[in-house]
Amino acid sequence: MLSAVSTSTLFAGPRNAVTTLQAKLSEAETEQSTGMLADPIKSLGSQIGLDETLRSQAASLANMQSANNIVDTTLTVSQNALSSVSSDAQTFLNSIVSAQNTGDVRTLQTQAKSLLDSFTSTLNTVSAGAYVFGGTNSSVAPMANYSGAPQTATAAAFTNLVNQQTPPQASSISSADMTSFLSSGAFANLFADPLQAGSTWTANWSQASSTGTSAVISQGQTVPTGVSANEKAFRQLASAYTSIAGLDLTSLNSSTQQTVLTSALEQVGYAMQGISDMQTTLGLSQSQLTKTNSALQTQASTVNNMVSQLDGIDPYQAATALTDLTTQLETAYSLTNQISKLGLVNYLPA
Amino acid sequence: MNLSTALYGAMAGVSVASAQISVVSRNIANQSNPNATRKIANVVTANQLPAVASISQASNGALLTSLLSANSNQAQQSAVSNALTQLQGTLGTSSSDSTSPSALIGQLSDALQTYADAPQSSASAQAAVQAATNLANGLNSASTAVQNVRKQADAGIANSVNTINNILGQFTQVNQSIVQGTASGTDITDALDQRNSLLQQLSKQIGITTVKGTNNDVKIYTDSGLTLFDQSPMTVTFQQTPAFTASTQGNAVYVDGVPVTASGSPYSVQSGALAGLISVRDNLAPTYQSQLDQIAGGLITDFQETDQSGAQPAPAVQAGLFTNGGSLTVPSTPTATPGLAAITLIPGLAANIKVSPYVNPTTGNPALLRDGGISSNDPSSDPTGVYTYNPSPGQTGYSDRLNQLISNLSQTLAFDPNAGAGTQASATDYASSSASWLGNQVSQASNAASYSTAVQSAASTALSNATGVNLDTELSNMLALEQSYQASAKLLSTVNTLYTSLFSAVQ
Numbered sequence: 001m002l003s004a005v006s007t008s009t010l011f012a013g014p015r016n017a018v019t020t021l022q023a024k025l026s027e028a029e030t031e032q033s034t035g036m037l038a039d040p041i042k043s044l045g046s047q048i049g050l051d052e053t054l055r056s057q058a059a060s061l062a063n064m065q066s067a068n069n070i071v072d073t074t075l076t077v078s079q080n081a082l083s084s085v086s087s088d089a090q091t092f093l094n095s096i097v098s099a100q101n102t103g104d105v106r107t108l109q110t111q112a113k114s115l116l117d118s119f120t121s122t123l124n125t126v127s128a129g130a131y132v133f134g135g136t137n138s139s140v141a142p143m144a145n146y147s148g149a150p151q152t153a154t155a156a157a158f159t160n161l162v163n164q165q166t167p168p169q170a171s172s173i174s175s176a177d178m179t180s181f182l183s184s185g186a187f188a189n190l191f192a193d194p195l196q197a198g199s200t201w202t203a204n205w206s207q208a209s210s211t212g213t214s215a216v217i218s219q220g221q222t223v224p225t226g227v228s229a230n231e232k233a234f235r236q237l238a239s240a241y242t243s244i245a246g247l248d249l250t251s252l253n254s255s256t257q258q259t260v261l262t263s264a265l266e267q268v269g270y271a272m273q274g275i276s277d278m279q280t281t282l283g284l285s286q287s288q289l290t291k292t293n294s295a296l297q298t299q300a301s302t303v304n305n306m307v308s309q310l311d312g313i314d315p316y317q318a319a320t321a322l323t324d325l326t327t328q329l330e331t332a333y334s335l336t337n338q339i340s341k342l343g344l345v346n347y348l349p350a
Numbered sequence: 351m352n353l354s355t356a357l358y359g360a361m362a363g364v365s366v367a368s369a370q371i372s373v374v375s376r377n378i379a380n381q382s383n384p385n386a387t388r389k390i391a392n393v394v395t396a397n398q399l400p401a402v403a404s405i406s407q408a409s410n411g412a413l414l415t416s417l418l419s420a421n422s423n424q425a426q427q428s429a430v431s432n433a434l435t436q437l438q439g440t441l442g443t444s445s446s447d448s449t450s451p452s453a454l455i456g457q458l459s460d461a462l463q464t465y466a467d468a469p470q471s472s473a474s475a476q477a478a479v480q481a482a483t484n485l486a487n488g489l490n491s492a493s494t495a496v497q498n499v500r501k502q503a504d505a506g507i508a509n510s511v512n513t514i515n516n517i518l519g520q521f522t523q524v525n526q527s528i529v530q531g532t533a534s535g536t537d538i539t540d541a542l543d544q545r546n547s548l549l550q551q552l553s554k555q556i557g558i559t560t561v562k563g564t565n566n567d568v569k570i571y572t573d574s575g576l577t578l579f580d581q582s583p584m585t586v587t588f589q590q591t592p593a594f595t596a597s598t599q600g601n602a603v604y605v606d607g608v609p610v611t612a613s614g615s616p617y618s619v620q621s622g623a624l625a626g627l628i629s630v631r632d633n634l635a636p637t638y639q640s641q642l643d644q645i646a647g648g649l650i651t652d653f654q655e656t657d658q659s660g661a662q663p664a665p666a667v668q669a670g671l672f673t674n675g676g677s678l679t680v681p682s683t684p685t686a687t688p689g690l691a692a693i694t695l696i697p698g699l700a701a702n703i704k705v706s707p708y709v710n711p712t713t714g715n716p717a718l719l720r721d722g723g724i725s726s727n728d729p730s731s732d733p734t735g736v737y738t739y740n741p742s743p744g745q746t747g748y749s750d751r752l753n754q755l756i757s758n759l760s761q762t763l764a765f766d767p768n769a770g771a772g773t774q775a776s777a778t779d780y781a782s783s784s785a786s787w788l789g790n791q792v793s794q795a796s797n798a799a800s801y802s803t804a805v806q807s808a809a810s811t812a813l814s815n816a817t818g819v820n821l822d823t824e825l826s827n828m829l830a831l832e833q834s835y836q837a838s839a840k841l842l843s844t845v846n847t848l849y850t851s852l853f854s855a856v857q
């Protein structure tokens with residue numbers, strides 16, 4: 001039973017309602033304009049941790065995708081370089097075959113020199129500030145110019161071979177001597193695996209690290225992203241180019257000359273096979289990257305969806321709430337006005 | 351029955367009506383005073399004539415008691431809720447500028463990921479170091495915010511204690527005048543109003559119960575049963591602490607030498623602003639600080655560097671990217687489970703965690719983040735230890751250590767259960783469950799605060815309705831009194847006319 005109402009309660013009623021309604025109205029306005037909870041911590045309570053985890057997960061997924069774009073660029077640059085090396089090798093292969101028939105080694109030598117230069121500069125390709133064929137030693141150009149240390153070393157090896165002959169003339173080099181010089185002698189050592197004893201590959205030719213680079217493209221998924229200039233195929237190709245460009249072919253007797261050409265032909269063939277294998281490896285990385293990126297995309301949209309389910313609001317509901325609150329506030333204002341007019345004092349005779 | 355009797359009756363009527371009108375006008379004048387109660391003139395009939403014997407007031411002891419307790423609860427909850435709103439600032443409220451530890455850890459992990467995909471890039475290295483610095487700064491400022499909240503609570507307690515002593519001083523005087531007034535029979539209604547208002551103010555600071563004695567004397571006890579006022583006030587004392595760090599213990603509040611806020615004290619106050627502030631200073635804020643300290647410990651552990659020379663049985667470790675104020679000691683110990691490190695609870699670690707100067711671009715080399723051996727330059731580093739991970743240091747394509755660091759952020763660590771945010775979790779997950787803990791506290795406190803405010807407002811309304819003034823009632827009373835006054839005055843004038851006729855007849 002409500003027996004009496006004190007005047008202060010009567011007047012305070014709508015006044016208190018107005019302050020509460022204004023606070024709510026400001027929240028509703030924020031929610032409608034941002035589409036998110038005005039005070040997520042208060043509203044979500046213990047779920048705020050989940051909200052934060054999902055948010056940083058969404059950021060990580062977006063970050064992973066953009067980081068993968070760097071990896072993708074590196075892969076594309078490597079692939080382009082490999083195709084160019086491979087097509088040069090094919091050209092060289094054809095030239096050797098035709099030289100075998102015509103015996104014109106001078107033209108072949110000129111070509112070999114220019115192809116060798118193009119080969120070293122291709123292996124020194126840079127992507128995003130890193131030498132893509134440098135292995136983990138990505139800040140140093142992996143291949144030295146042929147005209148520097150490699151040429152000197154090749155010439156020295158050849159002079160040494162000539163000096164071992166009796167009489168010490170290039171024309172005295174037998175086919176068998178040449179074969180052993182190319183396959184296991186001083187010349188072979190120039191292009192031998194850096195881990196093998198006697199190898200001078202890293203001293204003359206390459207500053208690359210033999211460890212290839214790899215990247216994590218999603219949680220727990222690592223793909224190779226680059227091949228080292230120390231790979232066998234590259235050494236074989238360098239050896240083939242150098243055997244034509246660096247040995248004094250014209251001074252050799254014709255059978256030894258043929259031996260050199262045959263050996264170069266063989267090496268180029270192996271090298272092309274090796275390069276094709278590398279292209280396959282990197283191609284696999286690329287296709288994996290594409291798949292991963294689309295999976296990341298799906299994951300990101302799921303996570304974003306969950307985030308908006310947590311701290312997003314229904315725009316229709318927000319608009320309705322705003323209208324409701326406005327109506328209530330207007331009612332409170334008009335009530336304040338009416339109550340202030342109500343009072344016995346207004347009806348008493350003056 | 352004669353004319354004189356009629357005259358006395360009319361005079362009494364006039365005097366009673368004017369006395370009652372004066373009470374009505376007192377009521378109307380006090381209408382805007384929320385603590386004033388409705389005064390009632392008690393009319394008695396003596397010798398067949400009416401007279402105002404005393405003034406009493408509308409009162410309702412039960413409603414007052416419930417308002418006192420509602421006041422205490424409301425003050426307590428709003429003290430807690432206000433402090434938590436400040437702590438909530440450490441989490442950030444929108445997605446774009448989230449400054450919470452968990453968001454900052456996520457940003458560091460992302461920066462490391464970008465760096466791992468381009469390990470030759472010095473820009474990425476600097477970005478990763480920057481993200482680490484942001485994280486360390488974020489923890490430092492969160493820790494500062496927590497200690498500020500504690501300091502403010504401590505100042506609030508000092509304020510509250512001052513207010514309590516003040517109120518008790520005023521209460522002594524008012525109570526004394528009520529006791530004397532009751533004994534001598536004077537009008538004590540205004541003093542009673544004042545005393546009730548003092549009780550209401552007191553109940554906002556500290557939970558109280560009251561007991562009435564003889565002559566309207568009132569004794570006040572704390573809600574834990576300790577005497578606050580019995581004829582004279584007890585002294586409430588408190589020593590404010592000027593500065594707070596994580597290891598600072600605030601002082602207790604004493605009532606007459608008995609601690610009423612120390613944990614475990616049988617006389618701990620249960621409600622009022624004092625209880626709320628104490629729970630913020632000694633419980634909520636320190637718990638959140640422990641969680642921040644644990645997060646900091648987890649980060650130092652995740653980024654620690656292990657001796658790579660393969661020393662047996664257990665290779666040495668030292669702090670890497672993050673250090674405890676430059677110390678190379680890692681705040682964790684191995685547990686029985688292989689690979690599971692228990693994070694030591696070091697008070698104030700979150701305030702001291704900083705990024706090693708050896709990766710700072712101006713004082714060191716950010717690429718050490720990739721190669722390892724961050725602290726090897728430190729004079730206190732073990733000179734024989736080999737903490738560099740990159741097998742050929744300086745080779746820029748090496749990314750294994752960075753990938754290891756990223757996965758370390760998700761490795762499970764054993765956190766101290768006393769910090770209250772779970773035990774076995776990764777540093778990232780622990781940071782997010784700490785955010786959940788705070789969110790839960792904030793939302794609970796906010797609900798409790800709005801609930802107790804509603805209860806307090808209802809209690810206040812009920813008391814005001816029961817004891818307050820209604821202008822319309824007073825005005826209609828006044829109309830009746832006006833009529834009664836007019837009638838008595840008319841009677842006086844009639845008796846006067848009668849006497850005049852009588853006297854002129856006698857002449």
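Protein chains in written order, with the numbering used here: chain D, 1 to 350; chain U, 351 to 857.
All C-beta atoms, glycine included, are put in the ideal place defined by N, C-alpha and C.
None of these values were measured; they are calculated from a predicted model.
- Taking all protein chains shown into account, U/ASN512 has fewer than 16 neighbouring C-beta atoms within 10 Å of its C-beta and is therefore exposed.
- C-alpha of U/ASN565 to C-alpha of U/ALA391: approximately 20 Å in a straight line.
- Of the candidates D/ALA332, D/ASP88, D/TYR316, D/ASP88 places its Cα closest to the Cα of D/LEU237.
- In this structure, the beta-carbon distance from U/TYR737 to U/GLY723 falls below 8 Å.
- DSSP lists U/ILE558 as the beta-bridge partner residues of U/THR572.
- For D/ILE217, the uninterrupted beta strand (DSSP E) run begins and ends at 214-218, by DSSP.
- When the five nearest sequence neighbours on each side are left out, the beta carbons in the same chain lying within less than 7 Å of the beta carbon of D/ILE70 are those of ALA128, in order along the chain.
- Using a CB distance cut-off of 8 Å, U/ALA830 does not count as an interface residue toward chain D.
- Between the C-alpha atoms of U/SER802 and U/SER613 there is a straight-line separation of about 24 Å.
- Contact note: U/GLN470 reaches chain D through GLY129, ALA130, SER138, SER139, using a C-beta cutoff of 7 Å and chain order.
- The shortest C-alpha to C-alpha distance from U/LEU634 to any of U/SER807, U/ALA429, U/THR415, U/VAL845 is the one to U/ALA429.
- Rounded to whole angstroms, D/LYS24 and D/GLN32 show a C-alpha spacing of 12 Å.
- The C-alpha of U/LEU829 lies about 15 Å from the C-alpha of U/ALA839.
- In the displayed model, U/ILE703 falls within a strand according to three-state DSSP.
- The three-state secondary structure of U/ASN674, taken from DSSP, is strand.
- Neighbours of U/ASN410 across chain D, judged by C-beta separation under 9 Å, do not exist; the nearest C-beta is about 12 Å away.
- Going by C-alpha positions, U/THR559 is about 6 Å away from U/ASP573.
- Cβ-Cβ distances below 8 Å link D/GLN328 to ALA17, LEU21 in the same chain, with the five nearest sequence neighbours on each side left out; the list follows chain order.
- No Cβ of chain U is located within less than 8 Å of the beta carbon of D/MET143.
- Comparing C-alpha distances from D/ILE244 to each of D/ALA233, D/ASN230, D/LEU261 shows the shortest one belongs to D/LEU261.
- Close partners of U/GLN480 in chain D (Cβ separation under 8 Å) are lacking, with about 15 Å as the shortest Cβ gap.
- With respect to chain D, the C-beta atom of U/GLY531 has no partner C-beta closer than 8 Å.
- In the assembly as shown, U/THR778 is a buried residue. Its beta-carbon has 16 or more other beta-carbons within 10 Å.
- Measuring C-alpha to C-alpha distances from D/VAL345 to each of U/GLU824, U/GLY698, U/LEU671, U/ASN421 identifies U/GLU824 as the nearest.
- Near chain U, meaning a CB-to-CB distance below 8 Å, the residues of the segment 42-65 of chain D are LYS42, SER43, LEU44, GLY45, SER46, GLN47, ILE48, GLY49, LEU50, GLU52, THR53, ARG55, SER56, GLN57, ALA59, SER60, ASN63, MET64.
- The beta carbons of D/ALA203 and D/PRO142 sit about 14 Å from each other, so the pair does not count as a contact at 8 Å.
- Looking at U/TYR638, U/TYR739, U/ASP657, U/PRO609, the one whose alpha-carbon comes closest to that of U/LEU624 is U/PRO609.
- Nearest CB-CB separation between U/GLN463 and chain D: below the 8 Å threshold.
- For D/SER6, there is no enclosing beta strand (DSSP E), since its DSSP letter is neither H nor E.
- Under the criterion of beta carbons closer than 8 Å, U/ILE645 and U/LEU489 qualify as touching, at roughly 7 Å.
- DSSP assignment within the segment 617-666 of chain U yields no whole beta strand (DSSP E) run of 3 residues or more.
- U/THR811 has a beta carbon lying within less than 8 Å of a beta carbon in chain D.
- Annotated three-state conformation of U/VAL393 is strand, per DSSP.
- Among the residues of chain D, those whose CB is under 9 Å from the CB of U/ALA466 are ALA67, ALA215, VAL216, following chain order.
- The Cβ atoms of U/ILE703 and U/LEU759 do not sit closer than 8 Å to each other.
- Taking 4 residues as the shortest admissible run, the segment 164-241 of chain D contains the following complete alpha helix (DSSP H) segments, listed from N- to C-terminal end: 175-183, 186-190, 201-204.
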